[in-house]
Amino acid sequence: MKKINSLLFAFMILFSCFSGSLSLAAGSSENFELSQNNTSLSEPSIETAPLNPDFLESEKSESIESISSSGDGDFSGTGYTPSPVNLSGLSKPAERLLLRASASELPATFDLRTEGQVTSVENQGKTGSCWAFSSLASLESYILGAEGESWDFSENNMKNLVTTYYSDGFDFDVNDGGNAFMAMAYLARWAGPVNEAEDPFSETSTSSPEGLVVQKYLQEALILPDRTGPLDNEVIKQALMDYGAVYSTMYMDKTIYYQENNHAYLYTGSGKVNHAITIVGWNDSFDRNMFKQIPAGDGAFIVKNSWGESWGEEGYFYISYYDTRLGYEENAVFTAADQDNFDYNYQYDPLGWVNQIGYSESLTAWSGNVFTSEGNEILEAVGFYTTDFDTAYEIYVYKNPTDGPLSQSGIFVANENGTCAFPGYHTQLLSSPVNLSSGEKFSVVIKFSNPSSGNPLALEYKLSGYSSKAQANSGESYISLNGVSWQDLTSVEDKTYDYSEANFCIKAFTIVTVPPEAEFSSNITSWVSPLTVQFTDLSKDAFSWEWDLNGDGIVDSIVQNPVYTYSSNKAYTVSLNVSNRNGFDSETKINYITVAPLSILSASPSENVTTYEGGEQAFSISTNHNSTVRWYLNGVLKSSESGVTSSSYSSSALSPGTYTVTARAVTGSEKVACTWAWTVRDWNPWDDSTSQEGTGISTGELQEAIHVYKNNLPIPNTGVELTSSRLEELIWLWREGSAN
1 MKKINSLLFA
11 FMILFSCFSG
21 SLSLAAGSSE
31 NFELSQNNTS
41 LSEPSIETAP
51 LNPDFLESEK
61 SESIESISSS
71 GDGDFSGTGY
81 TPSPVNLSGL
91 SKPAERLLLR
101 ASASELPATF
111 DLRTEGQVTS
121 VENQGKTGSC
131 WAFSSLASLE
141 SYILGAEGES
151 WDFSENNMKN
161 LVTTYYSDGF
171 DFDVNDGGNA
181 FMAMAYLARW
191 AGPVNEAEDP
201 FSETSTSSPE
211 GLVVQKYLQE
221 ALILPDRTGP
231 LDNEVIKQAL
241 MDYGAVYSTM
251 YMDKTIYYQE
261 NNHAYLYTGS
271 GKVNHAITIV
281 GWNDSFDRNM
291 FKQIPAGDGA
301 FIVKNSWGES
311 WGEEGYFYIS
321 YYDTRLGYEE
331 NAVFTAADQD
341 NFDYNYQYDP
351 LGWVNQIGYS
361 ESLTAWSGNV
371 FTSEGNEILE
381 AVGFYTTDFD
391 TAYEIYVYKN
401 PTDGPLSQSG
411 IFVANENGTC
421 AFPGYHTQLL
431 SSPVNLSSGE
441 KFSVVIKFSN
451 PSSGNPLALE
461 YKLSGYSSKA
471 QANSGESYIS
481 LNGVSWQDLT
491 SVEDKTYDYS
501 EANFCIKAFT
511 IVTVPPEAEF
521 SSNITSWVSP
531 LTVQFTDLSK
541 DAFSWEWDLN
551 GDGIVDSIVQ
561 NPVYTYSSNK
571 AYTVSLNVSN
581 RNGFDSETKI
591 NYITVAPLSI
601 LSASPSENVT
611 TYEGGEQAFS
621 ISTNHNSTVR
631 WYLNGVLKSS
641 ESGVTSSSYS
651 SSALSPGTYT
661 VTARAVTGSE
671 KVACTWAWTV
681 RDWNPWDDST
691 SQEGTGISTG
701 ELQEAIHVYK
711 NNLPIPNTGV
721 ELTSSRLEEL
731 IWLWREGSAN
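If you read the sequence shown in our numbering, its first letter stands for residue 1, the second for the next number, and so on.
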């Protein structure tokens, strides 16, 4: 098992989730649980936490306030919108746990800028994506301090991939805003973070490529307690020292409350939070006279905004400790680990923590998810959310579960326990990793015990206006009061909430044990220039990709499913090299992509043609590319086919004469045509001015025609067949002539 080699990360684990193994050998969670609890005769009922009132109020609004104006035409984006998760009961003073030190031990000033632990100031423009900038600024700061690595992650990718335009998106448009919980969902499902260079920020962008290389895996996202007053700052300060920059929220109206000369901001009202920013330090001695409105005391947080370096103090400003909205709604820190620690993420909750449930009159509840291994793998770690401060957890892993998430024997194969100081997302490494076979079912069961707040189980479910795309199936998530009797979460009945599309937020992280097998396909292999091709990776157990898309021996792309445009007319060889922790593999397809001008490969008839009146004549062409083929007779459109490589046209109802038949094929801007001269002659040699009866038919001529017909002879002079219909026509002409 690959360990995280960061001392700061180890320190974070020590103080945030105090974990340990209950047993190094297999054991029975059922016996352990029964020995710890006296089962009541009447079990409490399942209950769901009330939704965040601010979320409910925002749902009633027509639109989110996503623009802040300076009054002089200078518009800057904001964009915070509340999550449905209700943590309002978690800001009690008794629950305010410090990570390491008391207020007296904290320095009077601290600035991550001077510590070299902030990345560059970004600019969200007029978009409602402040939450994405703040979340990734916190993550970048943590990595810079913990690993000494400077990253610039793509806010564009985060803001776009969580929208309603994607299968794993929320019910939001690009500029409808977001929050820390949406950022957690995006990061925890391994959609990102990705490099800024691969998906640069654009104010007008509504789409982003999926499948870009994820540079880090979210390790923890800790929800810090809300501030309760102007001097209640110790937790945020300590988090700054231990983790780096802190995601936070505020009420922003720079027109009224911002002192531009001093880059100082103070708001003392009760307006709804509308902007996410990044706290990077503090100064207890920041002069209170620097603000437009003079507060009761000195002191300010140093804040990184997302309005570019030309705003504020090169992108930074100061918010008074006495601001009544800064840090009162949502504070968080994001941490990460190397993306090569794990290979697969088994999960049912791409939208993350939407709400939490539990049992009435109980601070403890059990949840379990059942997964199926896709290959020969090793289960290395588990991801989960906690919903309270100082939550205790016990993790049990079962193989081949048959009784809900439990195995028939009730024997678990791995277990861990610990305590998480802060609510949020956590990753727990297994001290005894579990070997899994391809197709083998396994389950992760977690008992959560909250010290003060009920509803300890975080879940994703279908919530109108937020997470309508949540999906679930029976047999995936289970809930229990005591760890013994289990109920499928999708079968839970509730008058208010629909759990038919609900899953628990439990993830399982594995590594593969075999080398990869390279394989790929494309949506098209031949076309005219320019040819844009979407390649699809079909490899097994591949976790890095190198594509040579034009056969020149140079790597053209390292994304999993690249798009490439070919311009020159030629055949191209495509190669894919893949790798994982166990080895490499490659696949090469010679002359796989062909770019060639549109051309007619064959035409029938091969030359101009002569036929006789009443006879059917067919024309056809085949092309080297799918095209639209239109058939014209003397310039008049007769038929059309689209998306074909072969097309035909036939006719038999033409009078004697000369006709022009044209087939025109069109693909993109390219056109080709084939033209025939078609001569139609009269088949009847007896019905002309030189015959015995002129244009009529004599008895002798009819007798000759009957002789030709009976003996299957060709018609004299023309050589065509005398069909029964033609003989009937001769008889009719003879009768008409006799009548005269």
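Virtual Cβ for every residue (Gly too), placed ideally from N, Cα, C.
What you are looking at is a predicted structure, and each value in this text was computed from that prediction instead of being measured.
A Cβ-Cβ distance of about 6 Å is found for the pair F181 and G352, placing them in contact under the 8 Å criterion. Runs of the alpha helix (DSSP H) lying entirely within the stretch 168 to 252, each at least 4 residues long, are 180 to 188, 234 to 243 in chain order. One thing to note: A618 has its Cβ within 8 Å of the Cβ of S648.
About 18 Å separates the beta carbon of V559 from that of D541, a gap too long to meet the 8 Å contact definition.
In the DSSP secondary-structure assignment, Q617 is bridged to S651. Between the alpha carbons of F520 and E140 lies a distance of about 34 Å. With a threshold of 16 other beta carbon atoms within 10 Å, A677 falls short and is exposed.
The criterion of a C-beta distance shorter than 8 Å is satisfied by R681 and Y612.
One Cα belongs to T204, the other to S154, and the distance between them is close to 15 Å. Bounds of the beta strand (DSSP E) holding C420 are 414 to 420. Around the beta carbon of N523, fewer than 16 other beta carbons lie within 10 angstroms, which makes this residue exposed. Counting only runs that start and end inside the stretch 576 to 621, the beta strand (DSSP E) elements of at least 3 residues fall at 583 to 595, 600 to 604, 609 to 612. Annotation for K441: the continuous beta strand (DSSP E) segment containing it runs 441 to 449. For F286, the three-state secondary structure derived from DSSP is coil. K292 sits in coil when the DSSP states are folded into three classes, being neither helix nor strand.
Residue range 657 to 667 is occupied by the beta strand (DSSP E) that includes T667. DSSP, reduced to helix, strand and coil, places G89 within a helical segment of the structure shown. Looking at the DSSP output, D323 sits in no beta bridge, so it has no partner there. The bridge partners DSSP lists for R630 are S640, R664. At the C-beta level, I600 and C674 come within 8 Å of one another.
Residue pairing by DSSP places S468 in no beta bridge whatsoever. DSSP places C130 within a helical segment (H, G or I) once states are collapsed to three. The beta carbons of F317 and V303 sit closer together than 8 Å. DSSP lists F384 as the beta-bridge partner residues of H426. CA-to-CA, the gap between V555 and L576 works out to about 9 Å. E57 places its beta carbon 8 Å or farther from that of Y359. The beta carbons of N355 and L87 sit about 11 Å from each other, so the pair does not count as a contact at 8 Å. Nearest to Y344 by alpha-carbon distance, out of T335, Q117, A188, E721, is A188. Distance from the CA of T723 to the CA of W631, rounded to the nearest whole angstrom, comes to 29 Å.
Put simply, the backbone Cα of C420 is about 30 Å away from that of S491. About 6 Å separates the beta carbons of A381 and Q428, which is inside the 8 Å limit, making them a contact pair. Rounded to the nearest whole angstrom, the CA to CA distance from S409 to D403 is 9 Å.
Y572 is the residue among V563, Y572, S557, N195 whose C-alpha sits nearest the C-alpha of N550. For D340, no beta strand (DSSP E) segment is defined, and its DSSP state is neither H nor E. For K60, the secondary structure class from DSSP, reduced to helix, strand or coil, is helix. As the crow flies, the alpha-carbon of T206 is around 42 Å from that of E416.
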